[in-house]
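Residue numbers (the working numbering): 43 to 468.
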């Protein structure tokens, strides 16, 4: 049979039905035993078409070995910077709020320290209140670098009076016990009394408990009523400047670092080299010149005349009578009434009742309060342990040396009665 014979060439077969082919493959696979493991692929994997409805998975493009660590480091550093900045901002805000709170607290504590009050007289639940302000000890202008056994600071008392409003108190009572002091401190109190009277329309009553001499008389002169307790001293309308010491025929100085002495039996002289006429005024080793005497006498004469005029104006006493009759003397209460320096004499309880009457309130329904020592909390925040307007008690600073010009230093013009060195510490 020849291969070219068409009768011997098998006819082409149609392709098997897909269903039959799958059935045959199933039968064949069932009949075969699977190999122990998958045969390794030797060629590249055959890509399969995605199933209908399935989403292809897209893998991220690989990063270079340099860019990826840099990006991570930069991001981490930026995050730390932003975080640290946010924390710093929060801490700053908290600090500012804290500082503001502390400042406000300190301000409130300082204000409350000045407004601390103690009960002086009358029913504690009384409807009306008078404010008592103590004017005791030496009157100075401020409390800077000053130590006294007892002192009142005129500028601070003036601040207290200037801060009062008409509806704060029914009136003011000045409790006087002072030998006087600086003219500036005394006048500051007096002028503040006048401002309080004019601003509020309220009355001011001065009650002399032991002494109101010189600067004390100056300070209380504008009061609407001056009442004196029994056995007091009032007056001494005058000014003083000194002391000036002169040692004649000095032969030597004795003493040590704690004490000093002068031998005045002759031989030793002492002198300053100065520029300017009168620069060494007050040198105890030479006499005062007539020009110096005239110059400084004229200065204290001016201060004295202002003192006289002020008392004359507010007490209704003729100025020439103060100069020629009252002078710089101090008087007992009854004589002080006769001279026009005070108005009435009575004990303290009656004096307080009278003060209430003058202030226009019911004495039986009136109490008197006075500034008190700051609380322990206020002192903890740095407020001085003293009543505002008064000095730190000398007993708390024993061993210190007074430094005010009223006690040491160059002589100054004072409205003071007595030896002022007796009221200085040291």
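Note that beta-carbon positions come from the ideal geometry of N, C-alpha and C, so glycine has one too.
Residue range of the beta strand (DSSP E) that includes residue i
i	result
residue 170	170-182
residue 214	213-224
residue 194	193-195
residue 248	245-255
residue 268	267-270
residue 162	159-163
residue 457	455-458
residue 277	275-277
Sub-8 Å separation of residue i and residue j beta-carbons
i	j	result
residue 460	residue 271	no
residue 196	residue 183	yes
residue 239	residue 250	no
residue 275	residue 253	yes
residue 230	residue 200	yes
residue 37	residue 401	Within the shown structure, residues of the chain are numbered from 43 to 468, placing residue 37 beyond reach of any answer.
residue 4	residue 324	The requested residue 4 is not part of the displayed model; the chain covers only 43 to 468.
residue 193	residue 179	yes
residue 244	residue 208	yes
residue 409	residue 127	no
residue 226	residue 261	no
residue 293	residue 303	no
residue 457	residue 349	yes
residue 433	residue 273	no
residue 411	residue 174	yes
residue 288	residue 237	no
residue 407	residue 170	yes
residue 374	residue 361	no
Residue range of the alpha helix (DSSP H) that includes residue i
i	result
residue 415	Residue 415 -> no alpha helix (DSSP H), and no H or E assigned at all.
residue 356	332-357
residue 397	390-400
residue 378	375-381
Heavy atom of the ligand NAD within 7 Å of residue i beta-carbon
i	result
residue 171	By its list of ligands, the structure shown contains no ligand whatsoever, and the ligand NAD lies outside what it can speak to.
Presumed contact (8 Å Cβ cut-off) between residue i and residue j, rounded CB distance
i	j	result
residue 268	residue 353	Incorrect: roughly 11 Å between the Cβ atoms, too far for contact.
residue 181	residue 277	About 16 Å separates the two Cβ atoms, so there is no contact after all.
residue 413	residue 431	7 Å
residue 265	residue 235	7 Å
is_contact[residue i, chain C] using C-beta, thresh 8 Å
i	result
residue 291	Of the chains in the structure shown, none is chain C; there is only one protein chain.
Measuring CB atoms only, is the stretch 378-388 touching the stretch 156-170, in the sense that at least three cross pairs come out at less than 8 Å?
Because the criterion of three Cβ pairs below 8 Å is not met, the stretch 378-388 and the stretch 156-170 do not touch.
Closer than 8 Å is the cut-off here; do at least three beta carbon pairs connect the stretch 277-284 with the stretch 340-347?
yes
Check whether the stretch 218-229 and the stretch 332-339 touch, using three or more Cβ-Cβ pairs below 8 Å as the test.
As far as the Cβ criterion goes, the stretch 218-229 does not touch the stretch 332-339, which means the pair count is below three.
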